[in-house]
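Novice: In the working numbering, the protein residues as written are 1159 to 1390.
Here's what the structure looks like:
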């Protein structure tokens, strides 16, 4: 089984270099690239990732703060233009520290360490209590939302409204991209404008589902899939 990895770096050129290197190693599988650490959080929470190629100086949250926020830590190879962070990196038990520009032989040496240490990765979120994601609610603030609290996610064109048991949040993201980051067994797209929490459905009446006292229309193209999922 190939070692699944992602790249987190805000420099497009650096991303392309590491992406090219990964493509030359048959035992690595690149699952995605992210230009900031926050955008990778949702992905990490629901996908099995065994190795991170991580930059340090990035917008919103730096690589070190990001690592400290993770409950489950995959293996980490730091890729940075700054030599002075090496000691701090190893204190966080990173696997290796690569200084840009990274030559391929040095990259391969670091990857071989990861392949030798490879273990079955597990998702960060493994229980209801730690099953969460972060959403960006303004330029500087990220909000942790537990999946168990989400009732409905509504499309507002280029934004979405996340309705939880206690509050509502407007987030600059499309419904499709947000839904793709949710566990499919727990959330269901029922309409081009709505994704719902399966466990929060209280009733089905005609072409509507009822959640927390509100009715949400099931789109014609979704109705068979929705009823199959909810009535199985």
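Virtual Cβ for every residue (Gly too), placed ideally from N, Cα, C. Since the model is a prediction, treat every value here as computed from it, not as a measurement.
Determine the extent of the alpha helix (DSSP H) in which residue 1267 is found, giving its start and end residues.
Specialist: Counting from 1 along the chain shown, the entry for residue 1267 is found at position 109. Element bounds for residue 1267: 1262-1274.
Novice: Are the beta-carbon atoms of residue 1292 and residue 1179 separated by less than 7 Å?
Specialist: As a working mapping, residue 1292 is identified with position 134 in the chain shown. As a working mapping, residue 1179 is identified with position 21 in the chain shown. Cβ distance not < 7 Å, so residue 1292 and residue 1179 don't count as in contact.
Novice: The beta strand (DSSP E) spanning residue 1317 covers which residue range?
Specialist: Residue 1317 sits at position 159 when you count from the first residue of the chain shown. Note, residue 1317: beta strand (DSSP E), 1317-1322.
Novice: In chain order, what are the residue ranges of uninterrupted beta strand (DSSP E) at least 3 long that sit wholly in the region 1176-1248?
Specialist: Qualifying beta strand (DSSP E) stretches, in chain order: 1186-1192, 1209-1212 and 1233-1238.
Novice: Taking residue 1289 as the reference, which of 1234, 1270, 1202 and 1300 has the closest Cα?
Specialist: Position 131 of the chain shown, counting from 1, holds the residue named residue 1289. Measuring from the Cα of residue 1289, the nearest candidate turns out to be 1202.
Novice: Compare the beta carbon distance of residue 1369 and residue 1309 with 7 Å and say whether it is the shorter of the two.
Specialist: Numbered from its first residue, the chain shown carries residue 1369 at position 211. Numbered from its first residue, the chain shown carries residue 1309 at position 151. Result yes, Cβ atoms of residue 1369 and residue 1309 sit closer than 7 Å.
Novice: Once you ignore the five residues that flank residue 1186 on each side, which residues in its own chain have a CB closer than 7 Å to its CB?
Specialist: Numbered from its first residue, the chain shown carries residue 1186 at position 28. If we look at residue 1186 and ignore the five residues flanking it on each side, its Cβ neighbours are 1160, 1161, 1163, 1180 and 1269.
Novice: Which class does residue 1308 belong to by DSSP, given the choice of helix, strand or coil?
Specialist: By 1-based counting over the chain shown, the position of residue 1308 is 150. If DSSP states are grouped into helix, strand and coil, residue 1308 belongs with the strands.
Novice: Helix, strand or coil for residue 1363 per DSSP?
Specialist: The count along the chain shown starts at 1 and reaches residue 1363 at position 205. The answer is strand: DSSP assigns residue 1363 an E or B state.
Novice: Where does residue 1170 land, buried or exposed, given buried means 16+ other C-beta within 10 angstroms?
Specialist: Within the chain shown, residue 1170 is the residue found at index 12, counting from 1. Exposed is the call here.
Novice: Just how far apart, CA to CA, sit residue 1252 and residue 1336?
Specialist: Your numbering for residue 1252 matches position 94 in the chain shown. Your numbering for residue 1336 matches position 178 in the chain shown. C-alpha separation (whole angstroms): 30 Å.
Novice: Would a C-beta distance cut-off of 7 Å place residue 1374 and residue 1352 closer than the cut-off?
Specialist: The sequence position of residue 1374 within the chain shown is 216, counting from 1. The sequence position of residue 1352 within the chain shown is 194, counting from 1. The answer is yes: Cβ separation under 7 Å.
Novice: How many Å lie between residue 1177 and residue 1241 at the Cα?
Specialist: Locating residue 1177 in the chain shown gives position 19, counting from the first residue. Locating residue 1241 in the chain shown gives position 83, counting from the first residue. Each residue's Cα considered, the two are about 22 Å apart.
Novice: Classify residue 1217: buried if its beta carbon has 16 or more other beta carbons within 10 angstroms, exposed otherwise.
Specialist: Locating residue 1217 in the chain shown gives position 59, where the first residue counts as 1. Exposed, since its Cβ has fewer than 16 Cβ neighbours within 10 Å.
Novice: Which residue wins for smallest C-alpha separation from residue 1213, given the options 1207, 1204, 1234 and 1230?
Specialist: Reading the chain shown from its first residue, position 55 is the one you call residue 1213. Considering only alpha carbons, the answer is 1234.
Novice: Closest to residue 1338 by CA distance: which of 1205, 1194 and 1184 is it?
Specialist: Stepping through the chain shown from its first residue, residue 1338 is reached at position 180. Out of 1205, 1194 and 1184, 1205 has the C-alpha closest to the C-alpha of residue 1338.
Novice: In the DSSP output, what is residue 1332 paired with across the bridge?
Specialist: Locating residue 1332 in the chain shown gives position 174, counting from the first residue. According to DSSP, which records beta bridges pairwise, residue 1332 is partnered with nothing at all.
Novice: Based on Cα-Cα distance, which residue from 1323, 1250 and 1328 lies nearest to residue 1299?
Specialist: Residue numbering aside, residue 1299 sits at position 141 when the chain shown is read from its first letter. For residue 1299, the nearest C-alpha among the options comes from 1328.
Novice: Hey, residue 1190 and residue 1276 are a contact pair by Cβ (cut 8 Å); roughly how many whole angstroms apart?
Specialist: The residue given as residue 1190 occupies position 32 in the chain shown. The residue given as residue 1276 occupies position 118 in the chain shown. Not quite, the Cβ-Cβ distance comes to about 19 Å (not below 8 Å), so this is no contact.
Novice: Taking Cβ to Cβ, would you say residue 1250 is nearer than 7 Å to residue 1273?
Specialist: Walking along the chain shown from the start, residue 1250 turns up at place 92. Walking along the chain shown from the start, residue 1273 turns up at place 115. Residue 1250 is not a Cβ neighbour of residue 1273, given a cutoff of 7 Å.
Novice: Strictly under 7 Å for the Cβ-Cβ distance: is residue 1322 near chain C by that measure?
Specialist: You won't find chain C in this structure, because it holds only one protein chain.
Novice: Consult DSSP for residue 1385 and reduce its assignment to one of helix, strand or coil.
Specialist: If you number the chain shown from 1, residue 1385 lands on position 227. If DSSP states are grouped into helix, strand and coil, residue 1385 belongs with the helices.
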